[in-house]
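Novice: Those protein sequence lines, which keep their order, are chains A and B. So the first sequence is numbered by our numbering: it starts at 7 and just counts up by one. So the second sequence is numbered by our numbering: it starts at 1383 and just counts up by one.
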Amino acid sequence: MNQPKIEILPLKKGFLRAAADATHVLVRLVAPAKPADVTETPRAPLDLALVIDRSSSMSGRPIAAALESAVRIVRGLRDDDRVTIVAFDDHIEVVQSLIAVTDREALALRINAIDARGSTNLFGGWEEGVKQLAPFTRKDRIARVILLSDGQANQGLLNEQEIFAQVAKAAGAGITTSTVGLGHGFNESLMTGMASAGEGVANFGQTADDLDEAFEEQFAIISNSFLRQVKVSVQGGSDVQVRLVGEILENGATRSRKLGTLPWDASLVAVIELKIGSLAKADALAAVNFEAITKEGELVKFGPALIALPEVDLAAFSVLPVDADVSALIDEAVVAEKIEVIEALTRSHKFTEAKLAFEELLKRPGLSDWAKQKIEYLKRLLDEDAVMAAKEMRYGRTRMMSQTKESTMACYSMDVDDSVEAMKASYLRRKRAVGQASKPKPPQGGTTGGQTPQA
Amino acid sequence: MLKLSAQLNDEEFLGTAEDLAAFVSDKLASLGFGDRHRSTERLVRFYAYEGLLSKPERAPDDRRKANFGPLQVRQLLLARLLAERGWDLDRIRTLLHDNREVSQLNKLIDELATPTEAEKLFFRTRSSDADTLSEPSPVRSYKPDRSLSPVLFSARDSEMPDMSSPKFRRKTSYSTVQQLRQIADSEESPAEALRMMIKKEMARDDLTPAARNLFEQLLAFNPTTRGDEPKTERWTKLRLAHWCEAHFNIDSRITPTKDELQEIVDNFSKALMNKYL
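1) Mind checking who A:F210 pairs with in its DSSP beta bridge?
2) Within 10 angstroms of the Cβ of A:P371, are there 16 or more other Cβ atoms? Answer buried if so, exposed if not.
3) With respect to the beta strand (DSSP E) encompassing A:P295, which residues constitute its N-terminal and C-terminal limits?
4) Of all the residues that make up the region 133-149 of chain A, which are near chain B by a beta-carbon distance shorter than 8 Å?
5) Count the other CB atoms, across all protein chains shown, that sit within 10 Å of the CB of A:D389; report buried if there are 16 or more and exposed otherwise.
6) With 8 Å set as the bound, which would you pick, yes or no: does the beta-carbon of A:A201 sit closer than that to a beta-carbon of chain B?
7) Please give me, in chain order, every unbroken run of the beta strand (DSSP E) with length at least 3 that falls completely inside the region 76-103 of chain A.
8) Between the region 296-308 of chain A and the region 374-381 of chain A, do three or more beta carbon pairs fall short of 8 Å?
9) Please work out which residues of its chain come closer than 6 Å, Cβ to Cβ, to A:E168, disregarding the five sequence neighbours upstream and downstream, and give them in chain order.
10) CB A:A344 to CB A:A314, shorter than 8 Å?
11) Is any beta-carbon of chain B found at less than 8 Å from that of A:K301?
12) What's the C-alpha gap between B:L1478 and B:Q1457?
13) Scan the region 79-113 of chain A for residues whose Cβ lies nearer than 7 Å to a Cβ of chain B and list them as they occur along the chain.
14) So if DSSP puts B:G1397 in a beta bridge, which residue, or which two residues, is it bridged to?
15) Would you verify that the beta carbon of A:P446 is, or is not, closer than 8 Å to some beta carbon of chain B?
16) Go through the region 1416-1488 of chain B residue by residue and report every complete run of the alpha helix (DSSP H) that reaches 4 residues or more, in order.
17) What residues from chain B crowd round A:G180, counting only those whose CB sits closer than 8 Å?
18) Take A:A106 and list the residues in its own chain whose beta-carbon comes closer than 6 Å to its own, dropping the five residues that flank it on each side.
19) Using C-beta distances below 6 Å, list every residue in its chain close to B:L1487, excluding the 5 sequence neighbours before and after it, in chain order.
20) List the residues of chain A that B:L1458 touches, going by C-beta distances under 8 Å, in chain order.
21) Taking Cβ positions only, does A:A50 come closer than 8 Å to chain B?
22) Could you tell me whether any Cβ in chain A is nearer than 8 Å to the Cβ of B:D1610?
23) Let me know the secondary structure DSSP gives A:G242 once reduced to three states.
24) Check the Cβ of A:A176 against every Cβ in chain D and list those closer than 8 Å, keeping chain order.
25) Here's a check: name, in chain order, each residue in its chain whose Cβ is nearer than 8 Å to the Cβ of A:G124, leaving out the five neighbours to either side.
26) Am I right that A:S262 and A:S244 are in contact with their C-beta atoms under 8 Å? What's the rounded C-beta distance?
27) What does the alpha-carbon distance come out to for the pair A:L83 and B:T1498?
28) Need the endpoints of the beta strand (DSSP E) that A:D331 sits in, please.
29) Strictly by DSSP, which residues pair up with A:D59?
30) Give a yes or no on whether the minimum CB-CB distance between A:E46 and chain B is below 8 Å.
31) Pair every Cβ in the region 151-164 of chain A with every Cβ in the region 64-79 of chain A, then say whether three or more of these pairs are closer than 8 Å.
32) Using 8 Å as the cut-off, can you tell me whether the region 108-119 of chain A makes contact with the region 128-135 of chain A, which would need three or more C-beta pairs spanning the two stretches below that distance?
33) Return the bridge partner residues of A:Q1 from the DSSP annotation.
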């Protein structure tokens, strides 16, 4: 197989022994460009389970958005794709068992006949989606459950950790899970946790338009997947404390993290914080390892890549240049971690402290234009709707840490230009608001409307 | 390797329920699937009643005789394969209803011949590991001990409904009746099967107290439950639910005789038949 490349990019090309401040290093796993023979087939055929929450809490706008999204997805599928539709409240209904996508309008009619009622057996609905796909999983097809729900489970299996374990089990057997949070009161912890365990994507939105981009992105990643289940781990050298930056509250000083799927010609990044003691060895400050699963299902390991930096004195260290692009990416991880803290304040209804924390964050020197725009949006949303702000913070910071990046380092420090973003592959685009459409949709029409999963 | 559907060689097949059962049983055996995949005429009729098999054609020379053909061969073969892998009847029925053409069924037979990893994880399988063509599956490990089972019951627990299925909840009564009827009418299988079925029934959370009581007593009474102290209870009449009652009379005897067991089963069966069948 084509090998990915591990890049170690320190914020400064030197370190200060026993310094009070930590040293930050950016680590990238860069995928090669897609070979010519891979581009011939746009993507493997898809077996998709659309699992739609029809509980009474979904009534009104959320169910309308779920159904419209489901219809758009079905209309965008290829003839060699297959789809199953499961609706759940406290009962699980297989609206359509797995079927080839030949009569899209008949499928749309079946979807639109779903109405809201009853309570929410979310796990039962998801499990039925998995069961519909399970007998048909094959290496040459992609099997995915997309769960559209307000995530307020109150029937069946409710324990989040047990649900995550089942979702991870399905992912291990080739059925990945993505989640879409709908409405105002969905449980983002459950929905993001399921997507993380299920090696899928977590998104949320209020309307089908909001969700279009999310689905476009998700199908594009599926189509271009080079490695999946990419995981990074880091070990500190002698007298060096290391941790991955990004989730201080949830995972503490974690030294390994799931990074998700790596598409061709793209990269996944992690930021490592090193606290270098007086006895540290400059040529082996830390070691970074990656492991992943290939498209053929084979476990592969890359590394170790050693982090080695020249030791410098204070005077030399203070004048060492900083790479602006590296700095921008490191900043994203640091900002994500700060947003995690602000999210916790928001959830505790400490809105004044949360706003002050945003103000402080905006004063951070060298903040990239992208990070600034993101923070300003979140701050504004906090004033307007604290509940949605907390959700946006959760999804936004997760995305900041795990979103696929370009294979080249250029442009990260530059101002965000929406017209440039729009030209990128959907999974590389930066979005200020995760839960909203970034551009108005053209009017839908005919059977080719909606997003095209072939992308 | 030749696809499974290509090995059926059933273009000329036309036969009765008995012929169909024998044909599919032989075919599955020759393809390396174990004895537990065997079908019987009774099972064919049961599947036909349950809507798993398409209606047979009437024989031109005898309107009372039903003729099954290649379509039903595929339906029965798939049903047997999937039932043995833990699929409940509703799920099999839906699959077969969505794929009514021979060509569609051929595709399904080839695709579903071997259970996937995901299926093994998420379906209630008993023997998925053995269900491959390359490794013929062994006969189920449970073998009836006829010396311990004076009365011969029968049940295929592959046909036992999945209690978690929502559709099952709506159809419980009928499915139960079918199960018990099979058990009661069979001439060749052990009381253990009845015990297993009762245990499954007792796992339901919607049983009436009367039904639970009956099941508990039947379980205690079952002579093949090893290690349990035999129960000595006097039963005269037990009501399963508003729709069913069974008449027993064993008068405190520790071990019922073969005839008494047969009587219990007959009465039970009769009660169910009178009410529902």
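We treat Cβ as the ideally placed atom computed from N, Cα and C, and that holds for glycine.
Specialist: So, to answer that:
1) A:G187, per the DSSP bridge assignment.
2) Exposed, because fewer than 16 other Cβ atoms sit within 10 Å of the Cβ of A:P371.
3) Correcting the residue identity first, residue 295 of chain A is Asn in this sequence and not Pro. Element bounds for A:N295: A292 to T300.
4) Under the 8 Å Cβ criterion, the region 133-149 of chain A contributes E133, V136, K137, L139, A140, P141, F142, T143, R144 and A149.
5) Per the 10 Å Cβ criterion, exposed.
6) When Cβ-Cβ separations below 8 Å define contact, A:A201 makes no contact with chain B.
7) Counting only runs that start and end inside the region 76-103 of chain A, the beta strand (DSSP E) elements of at least 3 residues fall at 88-94.
8) No, the region 296-308 of chain A is not in contact with the region 374-381 of chain A.
9) The answer is none, since no qualifying residue turns up.
10) The amino acid at residue 344 of chain A is misidentified as Ala; the sequence shows Lys. Between A:K344 and A:A314, the gap from beta carbon to beta carbon reaches 8 Å or more.
11) The beta carbon of A:K301 does not come within 8 Å of any beta carbon belonging to chain B, so the residue lies off that interface.
12) When rounded, the separation of the alpha-carbon atoms in B:L1478 and B:Q1457 is 7 Å.
13) From the region 79-113 of chain A, only H97, I98, V100, S103 and I105 have a Cβ closer than 7 Å to chain B.
14) Per DSSP, the beta bridge partners of B:G1397 are B:F1450.
15) At A:P446 the pLDDT is 47, less than 50, meaning the model places this residue with poor confidence and gives no usable figure here.
16) Those alpha helix (DSSP H) runs which fall completely within the region 1416-1488 of chain B and span 4+ residues are 1423-1431, 1452-1466 and 1471-1480.
17) Within 8 Å Cβ-Cβ: T1498, E1499 and A1500.
18) For A:A106, where only same-chain residues beyond five positions count, the Cβ hits under 6 Å are R88.
19) Taken in chain order, the residues that qualify are R1456 and N1481.
20) None at all; the shortest Cβ gap to chain A is about 18 Å.
21) No, its Cβ sits nowhere closer than 8 Å to a Cβ of chain B.
22) Confidence is the limiting factor: at B:D1610 the pLDDT is only 43, short of 50, which leaves the residue's position unreliable, though a coordinate-based value still follows. Not an interface residue.
23) If DSSP states are grouped into helix, strand and coil, A:G242 belongs with the strands.
24) Annotation note: the requested chain D is absent from the structure, which comprises protein chains A and B.
25) Excluding sequence neighbours, A:G124 sits near R60, S61, S62, D95, D96 and H97.
26) No, A:S262 and A:S244 are not in contact; Cβ-Cβ is about 20 Å, not under 8 Å.
27) The straight-line gap from Cα to Cα measures roughly 24 Å.
28) Boundaries for A:D331: no beta strand (DSSP E) harbours it, while the alpha helix (DSSP H) harbouring it runs A330 to R353, taken from the DSSP string.
29) DSSP, once it has assigned bridges, lists A:F94 as partnering A:D59.
30) Confidence is the limiting factor: at A:E46 the pLDDT is only 48, short of 50, which leaves the residue's position unreliable and the question unanswerable from this model.
31) Yes, the region 151-164 of chain A touches the region 64-79 of chain A.
32) Using a C-beta cut-off of 8 Å, the region 108-119 of chain A makes no contact with the region 128-135 of chain A, since fewer than three inter-stretch Cβ pairs fall below that distance.
33) Here chain A comprises residues numbered 7 to 461, so residue 1 of chain A is not present and cannot be evaluated.
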